[in-house]
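Peer 1: Each protein sequence line maps, in turn, to chains A, B and C.
Using our numbering, the letters of the first sequence map in sequence onto residues 1 to 269.
Using our numbering, the letters of the second sequence map in sequence onto residues 270 to 539.
Using our numbering, the letters of the third sequence map in sequence onto residues 540 to 894.
First the structure, which I've put down as structure tokens, then a few questions once you've had a look.
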Amino acid sequence: MVKRGVERLYLVLIFIFLYAPIATLVVLSFNASRSRAKWGGFTLEWYTEMFQNSSIMQALYNTLLIAFLSAAIATVLGTLGAMGISAMGFRMRSLCMSVTNIPMLNADIVTGISMMLLFIAMGFRFGFQSVLIAHITFNIPYVILSVMPKLKQTDKSTYEAALDLGASPVYAFFRVVLPDILPGILSGFLLSFTMSLDDFIITHFTKGPGLDTLSTKIYTEVRKGIKPEMYALSTLLFATVLILLLLINVTPELRKRAALKHAQAAARR
Amino acid sequence: MSKKWFAAPYLLWSVGFIIIPLLMIFFYGLTDRSGAFTLENVVAILSPEHSKALVLSLLLSLASTVICLLLAYPLAMILNKHHLGRGSFIVFLFILPMWMNFLLRTLAWQTLLEKTGVINSVLSALHLPALDIINTPYAIVLGMVYNFLPFMVLPIYNVLVKIDENVINAARDLGANGVQTFFKIILPLSIPGVVSGITMVFVPAMTTFVISTLLGGSKILLIGNVIEQEFTQGNNWNLGSGLSLVLMVFILVSMAFVMKYDREGEGGMF
Amino acid sequence: MMNKKWIAASLCAVTLGAAVLSGCAGGGEASGEQVVVYNWGEYIDPEVLELFTEETGIEVVYEEFETNEIMYPRVASGAVSYDVICPSDYMIERMIQEDMLAELNYDNIPNISNMDETYMAQAEAFDPGNKYCVPYCWGTVGILYNKTMVSEPIDSWDVLWDEQYADNILMQDSVRDAFAVALKRLGYSLNSTDEAELEEAKNLLIEQKPLVQAYVIDQVRDMMIGNEAAIGVIYSGEAIYTQRENPDLEYVIPKEGSNVWIDGWVIPKNAENKENAEAFINFLCDPEIALMNFDYITYSTPNAAARELIEDEDIRNSTIAFPTAEMLEGCEFFKYLGPDVDEIYNSKWKEVKSE
């Protein structure tokens, strides 16, 4: 009993540690006073100001566009890559997988710098494309690592059987292979998307003039002094993530659990 | 046989944007401004200001790794013990902060810790002494722990979930008490998760420059700051690349460490 | 046969990727006339940018930097082509020496006639013949302090080493500014190239470090307004702004002397829209616009016509915004000291920071 209490307490403490900073941001976003130290009454002023601030809105747009494009391109390249790699012999395969692991395990600062040096050496202008290429590069490994296990599980002979039965490789791919690995592809896409959304360091080294993502925008704003609009932005982002994740993650699971409980109760009766 | 060619675009891409950029770091790191070969940029790590930054980075990232481990292991055990599935709401709540933008999480701590920040306003309202840790290494460790804690919880949790309960029950049946079961069964079986968690925390903590800038008031120079500043302010790319090479040695060591303990790749994040 | 098909398919994928990339490229640049501006943080009224676009149809791509030292490598690398940049005197001198700047075509900048001759003459120190630079703002480096948090009026750099203000001091996070403070306190020139003097200055900065709350740049302003610190090293232009927000603040140029500086607009050689850049500079020299900008950023304007238009007599004659000649007696301009001395400054600054 005591043990259970201690466990509960521990969960609650960690929970406070994780959420106190976020709760602070949320509260401050409604604070009419510019000062963090005192409460000046409730206001929605910072939200209106945030929406009217075209540079924040532009950064939001850039962030989403880059996240989407980089995730989409990385998914195509990564899925094809995973299929190719899984068809390779042992040595080639381990070589390719080591290369794939580099951007995942390397420090972001080194990846960012290396891309910056490359773009400069190539005489490539920093801008939207440089950031996009950098994001695709660090996204591909996530796709490959999500798709590979699914490919391992699929039965190679079904694809070959389809070919033997006269299906074209493209047809066979879409009808036989794709449905099997689709969950892996989707999770690779989502993972890439979120990684791209969250990235600061690599963007910091490869971005061009006037091109800000939310992360780089927040960084420059914070170095100038924190404005309440930033709290509003945080709150809004947090709410969005919360709702999205609730929709994606929890709903089916909760339903499953509710169904399970119902069944248990029925069985006991 | 022919399917191999599917990988061609990806391989081209990785040669162009992973291998060649890395080679460029090697090139810059091992040459001087005129392009002649030199080891000076790598040896520069031994100069007092660089070695101080490196040692401080090592200390702070080790401290935050240990704290993360001590906080995360019991948490993962409790979450696992109550048979909370991956999709369960409680687990979800503990993962959620990880999805917040990294900079916003750090910004939040700046807001809390500042001299006239939220914590100190509350403390002074209660007539308690002020908490004066902003712009000190403590604030940086706090920021690291907060940012990287989920990277420790998830791999450990993912390994614990996979431990066959029958093994634990068998140990109990054979007379092992709770402590023995933990040290003889659970801990050894969870090592892959622990090791992968350690590197997931250690590498970003060791190489960060954002947390030290935002929570350290630019008073504390970590090796990540030194490298970043060589590229963005000092304009000595050769030195910056040389120091990055040193940093990569530490990353390689920790990767080798993972390979040794986590051959199956069980201790993943996802 | 089969192999070829796969190769074709993979090539298709690559071209598809390339097409998407180039498509984006086209989208980014096809938006007509633009000018890429690289300026200090909080150093222009955003409305001025909007007015400029309204008036000329030229879209402004705007980016900020925190210090001259951050600005320089971005421009020098050539990876980004800015059209118009606003560095300080010594950095302009360096960029001229390194042949990075394009000569201005004054036919496109008729509003130059509004500038005060004194400042154009001063600018000749780093830009002989005024060929490359149009002054934008000028000022000094000094101490901003909170009257309620210090025991006596401040007039010397010594206060930055005073133990009673431990953890209440904000220092500039920029090499030359930080060293200028220490060198001036020691009675040396802030353009010192003498190793022994620089070593002394370095040791002084290391001695000061435990008293410093944080090394900051643009944040000084908000932190001083918010009573986060008692004393901050800051540019004179922030004084009027911060006093407006927090009347307890006072700005002083220490008696040992300080740095006087001019920031000016220059056009780098690799600018893609030089004429737009000149139109931008010309627009900023318009008295009405310069006045509007002055009201917002409160940095001293070298624009004589704009100064005439300042309605508030206190501000027009303010010795903070427009210090008199004798106030500037001990003040020096920074000079570019060459790559070798730069290296010495940088490594000594790193020693201070890593302490």
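Glycine included, C-beta positions come from ideal geometry on N, C-alpha and C.
Here the structure is a predicted model, which means the values were calculated and not measured.
Is Arg4/A close to chain C, meaning its C-beta is less than 8 Å from at least one C-beta of that chain?
Peer 2: Mapped onto the first sequence, residue 4/A falls at position 4. So, not an interface residue.
Peer 1: Could you give the distance in angstroms between the alpha-carbon of Gly565/C and the alpha-carbon of Phe126/A?
Peer 2: Position 26 of the third sequence, counted from the start, is the residue given in the question as residue 565/C. Position 126 of the first sequence, counted from the start, is the residue given in the question as residue 126/A. The pLDDT assigned to Gly565/C is 38, lower than 50, so where the model puts this residue is not dependable; a value taken from the coordinates is nonetheless given after this. Their Cα atoms are separated by approximately 14 Å.
Peer 1: Are the CB atoms of Ser690/C and Ala810/C nearer to each other than 8 Å?
Peer 2: Residue mapping note: residue 690/C aligns to position 151 of the third sequence, counting from 1. Residue mapping note: residue 810/C aligns to position 271 of the third sequence, counting from 1. No, the Cβ-Cβ distance between Ser690/C and Ala810/C is not below 8 Å.
Peer 1: Report the rounded CA-to-CA distance for Arg633/C versus Arg613/C, giving the unit in angstroms.
Peer 2: Taking the third sequence and counting its residues from 1, one reaches residue 633/C at position 94. Taking the third sequence and counting its residues from 1, one reaches residue 613/C at position 74. Rounded to whole angstroms, Arg633/C to Arg613/C spans 15 Å at the Cα level.
Peer 1: When Cβ atoms are compared, which residues of the region 290–305 of chain B fall closer than 8 Å to chain F?
Peer 2: The question asks about chain F, but that chain is absent: this structure's protein chains are A, B and C.
Peer 1: Is Glu229/A close to chain B? Criterion is C-beta to C-beta, closer than 8 Å.
Peer 2: Walking along the first sequence from the start, residue 229/A turns up at place 229. No, Glu229/A does not count as interfacial toward chain B.
Peer 1: Spell out whether any CB of chain C is found under 8 Å from the CB atom of Gln502/B.
Peer 2: What you label residue 502/B is simply residue 233 of the second sequence in a count that begins at 1. So, interface residue.
Peer 1: Who are the Cβ neighbours of Glu568/C in its own chain at under 8 Å, not counting the five residues just before and after it?
Peer 2: One-based indexing of the third sequence puts residue 568/C at position 29. Below a pLDDT of 50, predicted positions are generally treated as unreliable, and Glu568/C, at 42, falls in that range; the measurement from the model is reported next regardless. There are no such residues.
Peer 1: Tell me, please, which residues DSSP counts as bridged to Ile682/C.
Peer 2: Reading the third sequence from its first residue, position 143 is the one you call residue 682/C. In DSSP, Ile682/C forms a bridge with Val772/C and Val791/C.
Peer 1: Rank Leu117/A, Lys156/A, Ser29/A and Phe189/A by C-alpha distance to the C-alpha of Ser78/A and give the top, closest one.
Peer 2: For the purposes of this step, residue 78/A is taken as the residue at position 78 of the first sequence. Correcting the residue type first, residue 78/A is Gly in the shown sequence and not Ser. Checking every option, the nearest Cα to that of Gly78/A belongs to Phe189/A.
Peer 1: How big is the Cα-Cα spacing for Thr450/B and Val27/A?
Peer 2: Looking up residue 450/B in the second sequence gives position 181. Looking up residue 27/A in the first sequence gives position 27. Answer to the nearest angstrom: the Cα atoms are 45 Å apart.
Peer 1: CA-CA distance, Leu13/A and Val241/A?
Peer 2: Translated into the one-based positions of the first sequence, residue 13/A becomes position 13. Translated into the one-based positions of the first sequence, residue 241/A becomes position 241. Approximately 23 Å between the Cα atoms of the pair.
Peer 1: Using the DSSP secondary-structure output, state which residues sit across from Asp802/C in a beta bridge.
Peer 2: As a working mapping, residue 802/C is identified with position 263 in the third sequence. DSSP, once it has assigned bridges, lists Ser627/C and Cys676/C as partnering Asp802/C.
Peer 1: In chain A, which residues lie with their C-beta within 8 Å of the C-beta of Arg441/B?
Peer 2: Locating residue 441/B in the second sequence gives position 172, counting from the first residue. Those do not exist, as Arg441/B stays about 16 Å from chain A at its closest Cβ, beyond 8 Å.
Peer 1: Tell me the DSSP bridge mates of Ala898/C?
Peer 2: For chain C, the structure presents residues 540 to 894; residue 898/C sits outside this window and is missing.
Peer 1: Between which two residues does the beta strand (DSSP E) carrying Val312/B extend?
Peer 2: Position 43 of the second sequence holds residue 312/B. Not the beta strand (DSSP E): Val312/B falls in the alpha helix (DSSP H), residues Glu309 to Val312.
Peer 1: Let me know the secondary structure DSSP gives Asp640/C once reduced to three states.
Peer 2: Taking the first residue of the third sequence as 1, we reach residue 640/C at position 101. Looking at the sequence provided, one finds Leu at residue 640/C rather than Asp. Leu640/C falls in the strand class under three-state DSSP.
Peer 1: Return helix, strand or coil for Asn504/B, following the three-state DSSP convention.
Peer 2: Indexing the second sequence from 1 puts residue 504/B at position 235. DSSP places Asn504/B in coil when its eight states are reduced to three.
Peer 1: Please check the pair Ser297/A and Ala172/A, which I expect to be a contact at CB under 8 Å, by giving their CB distance rounded to whole angstroms.
Peer 2: Look at the range of chain A in this structure, 1 to 269, and you will see that residue 297/A is not part of it.
Peer 1: For Met57/A, write down the residues that DSSP places opposite it in a beta bridge.
Peer 2: Taking the first sequence and counting its residues from 1, one reaches residue 57/A at position 57. Answer by DSSP bridge pairing: none, since Met57/A is not bridged.
Peer 1: Would you say Ile609/C faces chain B, with C-beta separation under 8 Å as the test?
Peer 2: The sequence position of residue 609/C within the third sequence is 70, counting from 1. Yes, Ile609/C lies at the interface with chain B (some Cβ there is under 8 Å from its Cβ).
Peer 1: Quick one: is Asp706/C near chain A, going by C-beta distance under 8 Å?
Peer 2: In the third sequence, counting from the first residue as 1, residue 706/C sits at position 167. No, Asp706/C lies away from the interface with chain A (no Cβ there is under 8 Å from its Cβ).
Peer 1: Are Leu750/C and Ala719/C close, meaning C-beta to C-beta below 8 Å?
Peer 2: Working through the third sequence from its first residue, we reach residue 750/C at position 211. Working through the third sequence from its first residue, we reach residue 719/C at position 180. Their beta carbons are not under 8 Å apart, which means Leu750/C does not touch Ala719/C by this criterion.
Peer 1: Could you say which of Ile455/B, Met413/B, Gly444/B and Ala445/B lies nearest to Lys431/B if we only look at CA atoms?
Peer 2: By 1-based counting over the second sequence, the position of residue 431/B is 162. When each option's Cα is compared against that of Lys431/B, the closest is Ile455/B.
Peer 1: Cutting at 8 Å between CB atoms, please list the residues of its own chain near Ile824/C, excluding the five before and the five after it.
Peer 2: Indexing the third sequence from 1 puts residue 824/C at position 285. Position check: residue 824/C holds Cys in this sequence, whereas Ile was assumed. Excluding residues within five positions, the ones whose Cβ falls inside 8 Å are Ile648, Asn650, Ile651, Asn653, Met654, Val673 and Asn842.
Peer 1: By alpha-carbon positions, which one of Val147/A, Val222/A, Arg4/A and Pro183/A ends up nearest to Met83/A?
Peer 2: For the purposes of this step, residue 83/A is taken as residue 83 along the first sequence, with counting starting at 1. It is Val147/A whose Cα lies nearest to the Cα of Met83/A.
Peer 1: So, are the CB atoms of Leu743/C and Leu725/C less than 8 Å apart?
Peer 2: Indexing the third sequence from 1 puts residue 743/C at position 204. Indexing the third sequence from 1 puts residue 725/C at position 186. Yes. Within cutoff.
Peer 1: For Leu418/B, count neighbouring C-beta atoms within 10 Å of its own C-beta (all shown protein chains included) and say buried if the count is 16 or more, exposed if not.
Peer 2: Position 149 of the second sequence, counted from the start, is the residue given in the question as residue 418/B. So Leu418/B ends up on the buried side.
Peer 1: If you draw a straight line from the alpha carbon of Ser316/B to that of Phe42/A, how long is it in whole angstroms?
Peer 2: The residue you call residue 316/B lines up with position 47 of the second sequence. The residue you call residue 42/A lines up with position 42 of the first sequence. So the two alpha carbons sit approximately 54 Å from each other.
Peer 1: Could you tell me if Ala239/A is buried or exposed, where buried requires 16 or more neighbouring beta carbons within 10 angstroms of its beta carbon?
Peer 2: In the first sequence, residue 239/A corresponds to position 239, counting from 1. Burial call: exposed.
Peer 1: Along the chain, where does the alpha helix (DSSP H) that runs through Glu229/A open and close?
Peer 2: Position 229 of the first sequence, counted from the start, is the residue given in the question as residue 229/A. It spans Pro228 to Leu245 - the alpha helix (DSSP H) in which Glu229/A sits, taken as one unbroken run.
Peer 1: Just the chain C side, please: which residues come within less than 7 Å of Glu318/B by C-beta, in chain order?
Peer 2: For this step, residue 318/B is matched to residue 49 along the second sequence. Going along chain C in sequence order, the residues near Glu318/B (Cβ under 7 Å) are Lys889, Glu890 and Ser893.
Peer 1: Along the region 216–241 of chain A, where does the CB come closer than 8 Å to a CB of chain C? Name the residues.
Peer 2: Thr220, Arg223, Lys224, Gly225 and Ile226
Peer 1: On a CA-only basis, which of Ile635/C, Gly678/C, Thr732/C and Ile770/C is nearest Met866/C? Give me that one, please.
Peer 2: Locating residue 866/C in the third sequence gives position 327, where the first residue counts as 1. Of Ile635/C, Gly678/C, Thr732/C and Ile770/C, the residue nearest in Cα terms is Gly678/C.
Peer 1: Under 6 Å Cβ to Cβ from Gly447/B, same chain only, skipping five residues before and after it: list those, please.
Peer 2: Here the question's residue 447/B lines up with position 178 in the second sequence. Result list for Gly447/B: empty, nothing under 6 Å.
Peer 1: Is there at least one Cβ from chain A nearer than 8 Å to Ile437/B's Cβ?
Peer 2: Within the second sequence, the letter at position 168 stands for residue 437/B. Ile437/B does not count as touching chain A.
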